[in-house]
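Asker: For the sequence shown, the working numbering puts the final residue at 85, and the numbers step up evenly by one.
C-beta: ideal position from N, C-alpha, C; glycine also.
On a predicted model such as this, the values are computed, not experimentally measured, just so you know.
For reference, the structure I am asking about is given below.
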Amino acid sequence: MRKLNEYLVTIDTIYPDGYERERVFRDAGDMVEAQPFPAVKPRTLMGRLISPFATWFEKRRSRLSLRELTPEQLHDIGLSRCETTAELEKAYLLSALRRSF
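Structure (C-alpha coordinates):
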(Lines of atoms letter the chains of each structure in order from A and count residues from 1; the text may use other names and numbers.)
(Lines give C-alpha, C1' and ligand atoms only; values in the text may rest on other atoms or scores of the structure.)
Protein backbone atom coordinates (compact mmCIF):
# COMPACT_ATOMS: atom_id res chain seq x y z
CA MET A 1 0.00 0.00 0.00
CA ARG A 2 1.27 3.42 -0.85
CA LYS A 3 2.00 6.05 1.71
CA LEU A 4 -0.04 9.22 1.89
CA ASN A 5 2.95 11.31 0.79
CA GLU A 6 3.15 9.38 -2.49
CA TYR A 7 -0.48 10.25 -3.26
CA LEU A 8 0.08 13.89 -2.38
CA VAL A 9 3.06 14.05 -4.75
CA THR A 10 0.82 12.67 -7.51
CA ILE A 11 -1.83 15.30 -6.81
CA ASP A 12 0.84 18.02 -6.90
CA THR A 13 1.88 16.70 -10.29
CA ILE A 14 -1.67 16.81 -11.62
CA TYR A 15 -2.40 20.26 -10.17
CA PRO A 16 1.02 21.97 -9.91
CA ASP A 17 -0.54 25.37 -9.26
CA GLY A 18 -2.73 24.16 -6.39
CA TYR A 19 -6.05 24.24 -8.31
CA GLU A 20 -5.51 27.90 -9.25
CA ARG A 21 -6.10 27.28 -12.96
CA GLU A 22 -9.32 25.38 -12.23
CA ARG A 23 -10.57 28.19 -9.98
CA VAL A 24 -9.90 30.79 -12.70
CA PHE A 25 -11.87 28.83 -15.32
CA ARG A 26 -14.73 28.09 -12.92
CA ASP A 27 -15.02 31.73 -11.86
CA ALA A 28 -14.97 32.88 -15.49
CA GLY A 29 -17.80 30.46 -16.33
CA ASP A 30 -15.71 28.62 -18.93
CA MET A 31 -15.78 25.38 -16.99
CA VAL A 32 -19.14 23.68 -17.39
CA GLU A 33 -20.41 20.21 -16.61
CA ALA A 34 -19.92 17.64 -19.33
CA GLN A 35 -23.19 16.72 -20.98
CA PRO A 36 -23.34 13.87 -23.47
CA PHE A 37 -24.93 14.42 -26.83
CA PRO A 38 -28.41 12.92 -27.00
CA ALA A 39 -28.72 9.94 -29.31
CA VAL A 40 -30.38 11.01 -32.54
CA LYS A 41 -31.83 8.34 -34.78
CA PRO A 42 -31.48 8.95 -38.50
CA ARG A 43 -34.80 9.86 -40.08
CA THR A 44 -34.17 9.33 -43.77
CA LEU A 45 -33.72 6.02 -45.54
CA MET A 46 -30.20 6.98 -46.62
CA GLY A 47 -29.32 7.95 -43.04
CA ARG A 48 -30.59 4.62 -41.73
CA LEU A 49 -28.48 2.80 -44.32
CA ILE A 50 -25.29 4.77 -43.62
CA SER A 51 -25.55 4.97 -39.82
CA PRO A 52 -24.51 1.36 -39.04
CA PHE A 53 -21.49 1.66 -41.32
CA ALA A 54 -20.45 4.94 -39.71
CA THR A 55 -20.74 3.37 -36.26
CA TRP A 56 -18.78 0.32 -37.40
CA PHE A 57 -16.05 2.46 -38.93
CA GLU A 58 -15.74 4.54 -35.75
CA LYS A 59 -15.38 1.38 -33.64
CA ARG A 60 -12.80 0.04 -36.08
CA ARG A 61 -10.79 3.25 -35.92
CA SER A 62 -10.73 3.22 -32.11
CA ARG A 63 -9.76 -0.47 -32.07
CA LEU A 64 -6.89 0.16 -34.47
CA SER A 65 -5.65 3.01 -32.29
CA LEU A 66 -5.05 0.42 -29.54
CA ARG A 67 -2.24 -0.93 -31.71
CA GLU A 68 -0.19 2.22 -31.11
CA LEU A 69 -0.39 2.13 -27.31
CA THR A 70 2.56 0.99 -25.20
CA PRO A 71 2.12 -1.75 -22.58
CA GLU A 72 2.20 0.91 -19.85
CA GLN A 73 -0.60 2.88 -21.52
CA LEU A 74 -2.66 -0.29 -21.94
CA HIS A 75 -2.17 -1.05 -18.25
CA ASP A 76 -3.39 2.46 -17.41
CA ILE A 77 -6.68 1.86 -19.19
CA GLY A 78 -7.02 -1.66 -17.79
CA LEU A 79 -6.29 -3.74 -20.89
CA SER A 80 -3.75 -6.45 -21.52
CA ARG A 81 -1.98 -7.09 -24.82
CA CYS A 82 -4.05 -10.28 -25.22
CA GLU A 83 -7.32 -8.35 -24.91
CA THR A 84 -6.00 -5.76 -27.34
CA THR A 85 -5.17 -8.47 -29.89
CA ALA A 86 -8.71 -9.83 -29.59
CA GLU A 87 -10.13 -6.35 -30.26
CA LEU A 88 -7.81 -5.86 -33.23
CA GLU A 89 -9.05 -9.09 -34.79
CA LYS A 90 -12.56 -7.60 -34.78
CA ALA A 91 -11.26 -4.69 -36.88
CA TYR A 92 -9.42 -6.96 -39.32
CA LEU A 93 -12.41 -7.72 -41.56
CA LEU A 94 -12.69 -4.25 -43.06
CA SER A 95 -8.93 -4.10 -43.69
CA ALA A 96 -9.07 -7.43 -45.56
CA LEU A 97 -12.01 -6.23 -47.65
CA ARG A 98 -10.20 -3.02 -48.62
CA ARG A 99 -7.10 -4.93 -49.77
CA SER A 100 -9.15 -7.24 -51.99
CA PHE A 101 -10.69 -4.38 -54.02
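Residue range of the alpha helix (DSSP H) that E52 falls in?
Answerer: First-last for E52: undefined, no H or E at that position.
Asker: List the whole-angstrom C-beta distance separating R47 from L63, where the pair is believed to meet the contact cut-off of C-beta under 8 Å.
Answerer: About 11 Å; that fails the 8 Å criterion.
Asker: Note down the Cα distance separating F37 from L58, rounded to an integer number of angstroms.
Answerer: Approximately 27 Å between the Cα atoms of the pair.
Asker: Grouping DSSP H, G and I as helix and E and B as strand, with all else coil, what is S64?
Answerer: Residue state, collapsed to three classes: coil.
Asker: Under 8 Å by Cβ, that's how I've got A75 and R44 pegged, so tell me the actual separation to the nearest angstrom.
Answerer: So it is a contact: roughly 4 Å between Cβ atoms.
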